[in-house]
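Residue numbers (UniProt numbering): 1 to 341. Below is one structure, written out as structure tokens; the observations come after it.
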């Protein structure tokens with residue numbers, strides 16, 4: 001039976017979270033594999049479906065660099081040889097670098113390659129809401145790590161990001177951007193999840209402050225020295241929308257309105273009334289920065305009784321320019337394309 005990483009200590013809080021998450025459609029164990037979905041002729045209809053790679057441990061992020069496929073498991077990055085056109089990889093995954101594991105309050109690990117293919121950047125979420133389990137277990141967490149693929153060495157690239165997930169390179173500037181899930185339990189309207197550029201060595205506040213230098217008074221002892229350095233993110237997405245997926249538009253194949261900006265998969269809230277998220281939005285950009293209010297691209301994931309019919313996660317652009325959306329509750333891949341005129 002597929003297993004999921006341990007996500008919370010036992011107790012009343014864990015029990016409540018489990019029940020609420022089940023109503024939101026979450027809590028399905030990982031299949032511990034990668035499934036290949038191939039559309040060889042680009043007509044938007046699946047041609048083949050095969051089990052591509054087995055024997056993984058709650059995989060989330062993938063990155064193809066040359067003829068090597070890198071996969072982010074819950075506990076580390078592995079690699080396997082990749083051959084164009086293959087329908088299965090039978091070689092055993094080889095370890096590249098470990099990632100913080102054990103108790104995984106946030107277990108998803110995403111990766112993206114540098115433009116020259118020499119490095120990977122890996123997201124690692126916090127082991128708690130706001131450090132309540134002790135900061136000693138937050139080493140190299142709430143962070144983006146940089147992994148040198150030649151040596152396997154890992155360094156802290158950016159920190160204070162409570163639960164970063166989707167990452168993408170902004171095409172005009174080449175700057176790394178990410179979406180981040182912020183903290184819980186201070187109301188339905190705080191704290192906004194956000195989209196932000198990522199600075200090498202940057203500190204973004206968690207757990208001592210949020211959205212720049214807004215101090216979280218729950219954190220003891222306080223760290224005014226770190227709060228003073230906290231970088232305010234670029235763009236607020238809304239409280240508890242649970243932004244997970246991120247990709248940038250590639251030209252105007254989805255129409256001129258969607259030619260320059262970011263598509264974001266929002267998994268949706270589990271602890272907010274009314275619900276927030278449960279959609280895919282588009283944030284327009286100009287000169288490498290967000291420029292305007294978000295536009296809804298894909299909706300309809302919640303029924304009239306508040307039950308989740310689906311929850312968007314990853315987003316990607318296919319070779320035809322259509323937007324692909326992974327839905328881990330509906331267990332489908334949605335394809336959004338421009339309507340022929």
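We put the CB at the ideal spot given by N, CA and C, even for glycine. Model, not experiment: these values are computed from the prediction.
Check                                                                                                    : Outcome
Rounded straight-line distance, which links the Cα of residue 220 to that of residue 249                 : 42 Å
Same chain, Cβ closer than 6 Å to residue 331, five either side skipped, listed in chain order           : none
Local Cβ density within 10 Å of residue 108, reported as buried at 16 or more and exposed below that     : buried
Any beta strand (DSSP E) of 3 or more consecutive residues that is wholly inside the stretch 149-178     : 154-159, 163-169
8 Å contact criterion, which residue 237 and residue 192 should meet: CB distance rounded                : 6 Å
When 203, 233, 303, 51 are compared against residue 223, the one with the closest alpha-carbon           : 203
Per-residue burial, residue 127 [other beta carbons within 10 Å of its own, 16 or more giving buried]    : buried
Residue 205 versus residue 43 - alpha carbon distance                                                    : 45 Å
Cβ neighbour criterion (16 or more within 10 Å) applied to residue 91                                    : exposed
Whole-angstrom distance between residue 231 and residue 97, CA atom to CA atom                           : 28 Å
Beta-bridge partners of residue 38, as assigned by DSSP                                                  : 48
Residue 137 (DSSP reduced to helix, strand or coil)                                                      : helix
Rounded separation between residue 262 and residue 254 - CA only                                         : 12 Å
Three-way DSSP call (helix, strand, coil) for residue 285 in this model                                  : strand
Cα-Cα separation between residue 349 and residue 316, rounded to whole angstroms                         : For residue 349 there is no data in the structure shown, the boundaries of the chain being 1 and 341.
Unbroken stretches of the alpha helix (DSSP H), 4 residues or longer, contained in the stretch 49-103    : none
Closest Cα partner of residue 52 within the set 40, 45, 69                                               : 69
Which of helix, strand or coil DSSP assigns to residue 43                                                : coil
Residue 312, enclosing beta strand (DSSP E) - first and last residue                                     : 312-317
Beta-carbon proximity of residue 244 to residue 313, cut-off 8 Å                                         : yes
Touching by the beta-carbon criterion (3+ pairs, under 8 Å), the stretch 112-126 and the stretch 150-167 : yes
Under 8 Å between C-beta atoms of residue 288 and residue 278                                            : no
Beta-ladder partner(s) of residue 214, from DSSP                                                         : 210
Cβ-Cβ distance between residue 306 and residue 329 below 8 Å                                             : no
Cβ-based burial, residue 141 [other Cβ within 10 Å; buried from 16]                                      : buried
Nearest-angstrom Cα separation, counted from residue 143 out to residue 23                               : Low local confidence applies: a pLDDT of 48 at residue 23 is under 50, so the model's placement there is unreliable, with the coordinate-based value given in what follows. Taking the straight line joining both Cα atoms gives about 29 Å.
Reduced DSSP secondary structure (H/G/I, E/B, other) of residue 225                                      : helix
First and last residue of the uninterrupted beta strand (DSSP E) at residue 192                          : 192-197
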